[in-house]
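If you want my numbering, it's the 1-based position in the sequence shown plus 2. Beta carbons: idealized from backbone N, C-alpha and C, even for Gly.
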Amino acid sequence: MSDPTGTLADLGLTEYERRALAELFELGRTTAPTLAGATGVPKARIYGVLESLSDQGFVEVIPGRPKEYHARSPAEVLDRATENRRREYEAFREEVEGSREAFLAEFGPRYDDAAESRDDELFSVVDVGEPSEAEARRLYRTAETEVNVITTSFEYLPTVETALEEALDRGIAVRVLMLHPDHVPGGERSPAEKREVQAGIVDRLATAYPAVEIRFSTGKLPWRGTFRDPSVAYDSGEAVLLVEENDVPNAIRQAAVTSNGSFVAGLERYFELIWEYESLAEYPDPSPSD
Numbered sequence: 003m004s005d006p007t008g009t010l011a012d013l014g015l016t017e018y019e020r021r022a023l024a025e026l027f028e029l030g031r032t033t034a035p036t037l038a039g040a041t042g043v044p045k046a047r048i049y050g051v052l053e054s055l056s057d058q059g060f061v062e063v064i065p066g067r068p069k070e071y072h073a074r075s076p077a078e079v080l081d082r083a084t085e086n087r088r089r090e091y092e093a094f095r096e097e098v099e100g101s102r103e104a105f106l107a108e109f110g111p112r113y114d115d116a117a118e119s120r121d122d123e124l125f126s127v128v129d130v131g132e133p134s135e136a137e138a139r140r141l142y143r144t145a146e147t148e149v150n151v152i153t154t155s156f157e158y159l160p161t162v163e164t165a166l167e168e169a170l171d172r173g174i175a176v177r178v179l180m181l182h183p184d185h186v187p188g189g190e191r192s193p194a195e196k197r198e199v200q201a202g203i204v205d206r207l208a209t210a211y212p213a214v215e216i217r218f219s220t221g222k223l224p225w226r227g228t229f230r231d232p233s234v235a236y237d238s239g240e241a242v243l244l245v246e247e248n249d250v251p252n253a254i255r256q257a258a259v260t261s262n263g264s265f266v267a268g269l270e271r272y273f274e275l276i277w278e279y280e281s282l283a284e285y286p287d288p289s290p291s292d
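Below, the structure written as structure tokens:
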């Protein structure tokens with residue numbers, strides 16, 4: 003007899019144990035040879051199977067010549083299985099707790115040293131797309147004073163808009179440095195189409211988020227990214243950025259993530275120079291070639 007419910011397998015019983023116990027539920031009190039014949043369990047194995055079931059409290063052994071075996075009720079079997087598992091867990095928990103102090107003393111310092119080493123790394127990388135956008139959202143949400151954005155046209159605004167709005171509500175200063183429309187890579191778009199896309203984003207920002215400052219770089223920008231809270235003391239700031247690679251599909255690009263205060267301060271210095279000396283405050287008129 004098999005167990006159509008699959009419960010005996012869930013109890014961790016072997017195939018032979020499942021066969022034997024299921025058959026005992028139906029046969030009632032019986033001998034090992036009879037049970038072996040009814041289940042197909044080899045006679046050389048049946049005594050070991052019954053001993054295991056007895057040890058787990060699922061089968062009662064009735065002394066005699068020959069010994070007989072009787073299954074406990076299905077409800078008792080489930081109760082015993084639950085109690086067995088509880089005892090196993092308690093024994094495991096006590097074993098773990100008993101070795102906790104020595105384990106932490108041995109491996110805690112090693113982990114801490116490795117963590118410090120990881121913190122010293124200049125960059126980690128994430129894929130461009132949802133992972134890099136998630137990093138940008140995190141920067142908006144953890145910013146304490148300011149967020150600066152270097153972008154082509156900020157077409158990914160919808161993916162970070164909620165985080166941007168929350169940052170503005172907290173009084174975070176947000177500045178966006180976009181490319182001059184003449185420098186925006188169009189791909190299959192015409193100059194008029196790429197300008198229309200960028201103009202739509204600019205209008206959205208100006209209308210919905212007037213506190214966001216926007217300027218337009220008159221030269222090409224080698225980087226794209228978002229950074230927050232730069233410090234002249236080099237002790238704060240985070241950034242996610244990528245380099246200009248117009249011919250590389252986003253699906254195979256990666257962005258760099260850093261919390262190195264010195265690097266973020268340098269990025270802010272670059273941003274300020276472009277913002278102050280090589281950008282326009284008003285949306286640029288199209289060039290004659292457009």
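- Your pair R217 and W277 checks out as a contact, with CB atoms roughly 6 Å apart and the cut at 8 Å.
- The region 172-258 is shown to contain whole beta strand (DSSP E) runs of 3 or more residues at 175-181, 215-219, 225-230 and 240-245, in chain order.
- By the Cβ test, the region 224-236 is in contact with the region 143-151, since at least three Cβ pairs between them sit closer than 8 Å.
- The region 3-12 makes contact with the region 20-32, as at least three CB pairs between them are under 8 Å.
- When V127, R226, V204 and D237 are compared, the shortest CA-CA separation from A283 is found for V204.
- For D12, the uninterrupted alpha helix (DSSP H) segment begins and ends at T9 to D12.
- Rounded to whole angstroms, S219 and S281 show a C-alpha spacing of 4 Å.
- With contact defined as three or more Cβ pairs closer than 8 Å, the region 253-263 and the region 159-169 are not in contact.
- For D129, the three-state secondary structure derived from DSSP is strand.
- Put simply, the backbone Cα of E70 is about 5 Å away from that of I64.
- L141 places its beta carbon less than 9 Å from that of A241.
- The three-state reading of DSSP puts T147 in coil, since its state is none of H, G, I, E or B.
- Cβ neighbours of Y18 within its own chain (closer than 7 Å, five residues either side excluded): V43, R47 and V51.
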